[in-house]
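Before any comments, here is the structure.
Structure follows, in structure tokens:
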């Protein structure tokens, strides 16, 4: 959920506008977008979004945020293409200004000048941003790695970064993702060699490769291997079809003529003539590969001998889901390959050091990563000569004020995540999540009783209904005894003329909850409902 | 959840009796135990449990299963000690027979003779079992690794395994956990060197080490480093205190005199005089380290400069929880170390090959691991000369019949997991879990209405109550409109004299569910309740 506002007097620019995926405890939530209250309150100052690259965690919140912050979007060509796909889906294409910026080109927004600098990442057209402000230059790397032999385009523009650094940079905001990993990240093109080897080893088998939809260079390399070994290519999975189509249209993927075939056409080819490229390398339940593995995909089914390449490393939290897919594919007789079939898109320690050597900033602000990664990054920055006091480990919402003289966290703005559930944006908060958590672990018991108006005589009930608690047929005794407990609680209240509903409800709740705990050591949600008839 | 029954005519012995921890989708479940229907039905044949080692996934279900299958337990000394702890907690000590068996010793159970053979693992006193049956010898490795320099006791008894193999082994059941990893697993004692280095590097700081409660050799090495560097030892976390106390009592841990102090005494010592050994290395929410990291531990709080060693690798599925703990500790200023501080307790590929070289079984039955691990193990077995048709990738519940002539899966017995939730064993099944899943993702809406007997006039309601759906205060309109939708559905039914409750309920459910989906793209559980007054 990357988003950074840079403000000077009456100008604000916003770097990136990403979403994040829900944590395990955010039950039922589809996605999380940033809180942009501060931008809304200062909408007159906001000059535009400058976007570093086309990954969901850098662009995904745009369709939601644009409704409130409708300012122009500036990005490189492929990034704009991917954003346009999103805008189309949300019917926002017509009302959103966007502009393609080339590497080396600068734009002026308010008092800022922003230069887009070529970098490498696991998606083409990634850019770092040199932001020229009246207070000095801010250099934002975005997500980056240093790839001397990229699959598409040129290596990161180290010369220009050196030149910018030489003239003096106030602050460096640099990617921390791989700051715990020593050494260098391998070149993307090293994966192509692995693909060639696998295609050679399994020349007779059908090959299925799963990878990230957005990794167009990875897909290009699969296409290259397919071309060498005379295979047709099938692309499966909605997000992959979307991005790859855009990448082909814009010339970021070279697809030989007559090579791409529709999934329906697979039956006309033999196994050794086919490679299927698909989403689902992270074990996402609804993605194509997971459905193929579970044998619920309508068009593709695994047969013994198929070779499945997982061309990605599980993102923390996805390990079990990925393992499940590997097990299912294995059980259906597929050979699953997942070693040396992926490289990271992020800079390791030596690359981060190189970035500091070129930029030599006055202030270091580690970004993109968990706290542990930013902390390790801070150690690297210190090693590279940035004084400890000039390194800022800031949190979401912190306002960091920088000048040539000093840097200081001077305030805070609202910054939490806004939960998106279905069409609702922000209507699921902590209370709702806490209830979902409670329900998920213990289920619920509903007690309904009808009381007569004025007299408070019991007219019907108490009836007890439960869901997610126990299988009632096997626990009839328990439920019957629970009813007796509730009856006694009711009698107790009513006999004492204790007829305030709040009191009756809490008496029912307390006594039933005690009884259930004693009998089962469980703690279901108890919901007493009183009707007045 | 390891458990294997071996049967010949009227004799059955059971190897291990483990539990497993719930999968993510087993909402609210505490633990899972094996279905032993087959053993219950053949209780007269069952001669005893023979246990390979004292880990939860090999002994944890005993207290639950013993209630039905009350036969003697045979295991090595530490294993029996740990089992006795469990029996005490469950009040089963008095009624359970158990016997300590030494390495090299054999016992006779029915027609079987079982010899306990020394192995190495991440808990002391691990044993392989040579089971002499009228049909031939079955060799079961249990969980094992080959450690030439173990911390406690002697290396695995490779000589005896060779001797048993030389005489002829019918079937080898061998650990598959690390079958995907090439090479050898490092010796446990290599971790001791890392500890010494860390203790030397951080001589002034307080050191906290988190590891598995059951890894007594690991704890011994921490104690050794503490002794060298003149630190007192505090042990924190209930399961660790239990196991370590047992290990000290039985002589499996050498604790120098006056070295172990109570957590309350920590305040009398300076940072450089202390090491705290604790549970929670897997990020388990209720374990000591997680509570310390979250600053909700009553007795220990992190201060800047503290050094925390995570002496374990995250088990798949726990990565995010571990990362959360690392982030929290880092934010409180602790230095967190987790590299080279752990070795596995399971055999890698070369060790598995060595086992096959010594045992040279007729049949190979890969055990202990997911399908992907067993499949890789099968490839190794084949490489080591076991014919493909003699390798059995069997599933839980499969009945494999072996003779010198042939091996074949000849049947199936009930084998799924029985879910334990609080005191309930097996009363939470698929329906309850499905409800919990539904509730967890979408929450619920309850509709209550009172109808008059005979006339079916609406006497009260419809009232709508929701939990885990939306924050009602912010969605008053939605809920009010929902009430109108329900009223219309009711009127429709009643006006047509469609007064069967089932029909009324499904009409309410369908119309409300349509309305809610249209408005929110959400799918809460809808629970119509009708009261007759």
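Residue numbers (the UniProt record's numbering), protein chains in the order written: chain A, 1 to 533; chain B, 1 to 533.
Glycine included, C-beta positions come from ideal geometry on N, C-alpha and C.
- Residue-level contact check: residue 63/B does not touch chain A, since none of the beta carbons of chain A fall below 8 Å from its beta carbon.
- Taking the beta carbon of residue 441/B as reference, the chain A residues within 7 Å of it are 27, 28, listed in sequence order.
- Annotation for residue 209/A: 222, 277, 309, 311 place their beta carbon closer than 6 Å to its own, counting only its chain and skipping 5 residues before and after.
- Within the same chain, 8, 111 come within 7 Å of residue 134/B by CB-CB distance, once the 5 residues on both sides are set aside.
- With three or more CB-CB distances shorter than 8 Å, the stretch 455-462 of chain A counts as touching the stretch 478-494 of chain A.
- The alpha helix (DSSP H) runs lying completely inside the stretch 129-213 of chain B and spanning 4 residues or more are 158-167, 189-201, given in chain order.
- A direct Cα-Cα distance of roughly 15 Å separates residue 35/B from residue 70/B.
- Any Cβ of chain A closer than 8 Å to the Cβ of residue 372/B would place that residue at the interface, and such an atom is present.
- About 5 Å separates the beta carbon of residue 359/B from that of residue 172/B, a gap short enough to meet the 8 Å contact definition.
- Comparing C-alpha distances from residue 4/B to each of 366/B, 44/B, 241/B, 188/B shows the shortest one belongs to 366/B.
- According to DSSP, residue 120/B shares a beta bridge with 145/B.
- Residues of chain B whose Cβ lies closer than 7 Å to the Cβ of residue 327/A are, in chain order, 370, 371, 372.
- Neighbours of residue 460/B in chain A, taken as residues whose beta carbon is under 8 Å from its own, are 450, 531, 532, 533 in chain order.
- Collapsing the DSSP output to three states places residue 13/A in a strand.
- Note: residue 7/A is bridge-paired with 12/A in the DSSP secondary-structure output.
- For the 8 Å CB-CB criterion, residue 54/A and residue 214/A form a contact.
- With contacts defined as CB atoms closer than 8 Å, residue 124/A and residue 252/A qualify as a contacting pair.
- Scanning chain B for C-beta atoms nearer than 9 Å to the C-beta of residue 520/A yields 421, 422, 423, 424, 427, reported in chain order.
- Taking a contact as a CB-CB distance under 8 Å, the pair residue 272/B and residue 204/B counts as one, their CB atoms being some 5 Å apart.
- In the three-state DSSP reduction, residue 91/B falls in the coil class, being neither helix nor strand.
- Taking 8 Å as the CB threshold, residue 316/A lines the interface with chain B.
- The criterion of a C-beta distance shorter than 8 Å is satisfied by residue 382/A and residue 388/A.
- With a cutoff of 8 Å on beta-carbon distance, residue 354/B and residue 441/A are scored as not near each other.
- In terms of Cβ geometry, residue 444/B and residue 524/B form a close pair [threshold 8 Å].
- Using a CB distance cut-off of 8 Å, residue 431/B counts as an interface residue toward chain A.
- Between residue 232/A and residue 185/A, the CB-CB gap reaches or exceeds 8 Å.
- Annotation for residue 525/B: the continuous beta strand (DSSP E) segment containing it runs 525-532.
- 516/A is the residue among 414/A, 516/A, 88/A, 161/A whose C-alpha sits nearest the C-alpha of residue 421/B.
- Annotation for residue 68/B: 36, 40 place their beta carbon closer than 7 Å to its own, counting only its chain and skipping 5 residues before and after.
- In this structure, the alpha-carbon of residue 529/A lies about 23 Å from that of residue 499/B.
- Inter-residue distance for residue 351/B and residue 91/A is about 60 Å (C-alpha atoms, whole angstroms).
- Under a 10 Å Cβ-count criterion, residue 484/B is classified as exposed, with fewer than 16 other Cβ atoms of the shown protein chains found around its own Cβ.
- Annotation: residue 30/A to residue 22/A spans about 7 Å, alpha carbon to alpha carbon.
- In terms of Cβ geometry, residue 399/B and residue 413/B form a close pair [threshold 8 Å].
- Judged by DSSP secondary structure, residue 364/A falls outside any alpha helix (DSSP H) and instead within the beta strand (DSSP E) spanning 363-367.
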